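Student:
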Amino acid sequence: MAAMGGLQRWQKYALLYDISVLPQFRKMGFGAEILSFLINQARQFNSPIIFYDTEAGNAAEKLGLKLGFKPEFKRQLYTK
1 MAAMGGLQRW
11 QKYALLYDIS
21 VLPQFRKMGF
31 GAEILSFLIN
41 QARQFNSPII
51 FYDTEAGNAA
61 EKLGLKLGFK
71 PEFKRQLYTK
């Protein structure tokens with residue numbers, strides 16, 4: 001496996017997450033291919049909104065912006 005990504009349905013919404021490409025396969029279009037496939041799958045569910053969950057500042061965020069996603073908010077992660 002060179003790359004992977006996830007799609008989850010919640011009520012009428014779709015969540016795309018964990019878009020990952022192995023280092024030796026990066027810059028070959030696999031990330032864009034997977035994310036585009038997942039977007040098309042979400043559209044088949046007639047989801048009015050597609051959420052894309054990724055960390056700020058990484059390649060997956062840049063890819064999402066390139067494919068038309070817009071940042072809505074940033075999460076905080078707390079540990080103890």
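Under the UniProt record's numbering, the first residue of the sequence shown carries the number 1, and numbering increases by one thereafter.
We put the CB at the ideal spot given by N, CA and C, even for glycine.
Owing to the predicted nature of the structure, the values given are computational and were not obtained by experimental measurement.
#1: Is the beta carbon of K12 less than 8 Å from the beta carbon of P48?
#2: Can you list, in chain order, the residues of its chain whose CB lies under 8 Å from that of L67, leaving out five sequence neighbours each side?
#3: For Q41 and P23, I'd like the C-alpha separation in whole angstroms.
#4: Would the beta-carbon of D18 fall within 8 Å of that of G5?
#5: Measure the C-alpha to C-alpha separation of A3 and Y52 and round it to an integer number of angstroms.
Tutor: In terms of the structure at hand:
#1: yes
#2: A32, L35, S36 and I39
#3: 26 Å
#4: yes
#5: 17 Å
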